[in-house]
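Novice: Numbering (our numbering), first residue to last: 177 to 338.
1. By how many angstroms is the C-alpha of residue 265 removed from the C-alpha of residue 274?
2. For the pair the stretch 274-294 and the stretch 234-252, tell me if three or more CB-CB distances fall below 8 Å.
3. Taking just the CA atoms, how far does residue 202 sit from residue 237?
4. If you compare alpha carbons, which of 261, 199, 197 is closest to residue 225?
5. Is the CB-CB distance between residue 321 and residue 188 below 8 Å?
6. Residues in its own chain within less than 7 Å of residue 277 by CB, not counting five upstream and five downstream?
7. Given a threshold of 16 other Cβ atoms within 10 Å of its Cβ, counted over all protein chains shown, does residue 230 qualify as buried or as exposed?
8. Specify the secondary structure class of residue 328 as computed by DSSP and reduced to three states.
9. Give the range of the alpha helix (DSSP H) segment to which residue 197 is assigned.
10. The alpha helix (DSSP H) that contains residue 210, what's its start and end?
11. Can you list, in chain order, the residues of its chain with a C-beta nearer than 7 Å to that of residue 194? Leave out the 5 residues immediately preceding and following it.
12. Just how far apart, CA to CA, sit residue 221 and residue 214?
13. Less than 8 Å between the C-beta atoms of residue 272 and residue 311, yes or no?
Put into structure tokens, the structure is as follows:
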């Protein structure tokens, strides 16, 4: 469905798409690092869910909504971050650029090296999970070469302030 997130893609396919899109747009496009994804989802105040600290199943596509599959991007506008980012909780797990490593997050430890073939971070939870897994702080991992029915991605690109 054209207005649903693209799913069943490996990390490598998501990475390649971002490279392709960047060439089409004439700018750098990539998967967000785990730190970027978390800051976009939690903000500077460290909220539990993108919309705040209280769970509300009307604000994301997860198990309690009963949809049981992906939903159209933006179907839950009440769950948007104040910056406008949509669907950061639920709908699909999103691949991040980063390798899955322990915290604290250290930008200098090599976790964002694209040549690493170990596990990669996924964030956001998906349509088939409960409120624990769609928290903005919840992190998980997957193997980058495997297709998953509930794994998608979000592209990151520089913004123009002019």
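Virtual Cβ for every residue (Gly too), placed ideally from N, Cα, C.
Specialist: Here's the rundown:
1. Residue mapping note: residue 274 aligns to position 98 of the chain shown, counting from 1. Residue mapping note: residue 265 aligns to position 89 of the chain shown, counting from 1. Annotation: residue 274 to residue 265 spans about 19 Å, alpha carbon to alpha carbon.
2. Not touching, per the Cβ criterion.
3. The sequence position of residue 237 within the chain shown is 61, counting from 1. The sequence position of residue 202 within the chain shown is 26, counting from 1. Computed Cα separation, rounded: 33 Å.
4. Position 49 of the chain shown, counted from the first residue, corresponds to residue 225. The candidate whose alpha carbon is nearest that of residue 225 is 261.
5. Taking the first residue of the chain shown as 1, we reach residue 321 at position 145. Taking the first residue of the chain shown as 1, we reach residue 188 at position 12. Going by beta carbons, residue 321 and residue 188 fall inside the 8 Å limit.
6. The residue you call residue 277 lines up with position 101 of the chain shown. The residues are 285, 287.
7. In the chain shown, the residue the question calls residue 230 occupies position 54. That one is exposed.
8. Within the chain shown, the letter at position 152 stands for residue 328. Three-state result, residue 328: strand.
9. For the purposes of this step, residue 197 is taken as residue 21 along the chain shown, with counting starting at 1. Note, residue 197: alpha helix (DSSP H), 187-201.
10. Taking the first residue of the chain shown as 1, we reach residue 210 at position 34. Unbroken alpha helix (DSSP H) run through residue 210: 210-218.
11. Looking up residue 194 in the chain shown gives position 18. Answer for residue 194: 205, 206, 207, 331, listed in chain order.
12. Your numbering for residue 221 matches position 45 in the chain shown. Your numbering for residue 214 matches position 38 in the chain shown. In this structure, the CA atom of residue 221 is about 11 Å from the CA atom of residue 214.
13. Numbered from its first residue, the chain shown carries residue 272 at position 96. Numbered from its first residue, the chain shown carries residue 311 at position 135. The answer is no: Cβ separation not under 8 Å.
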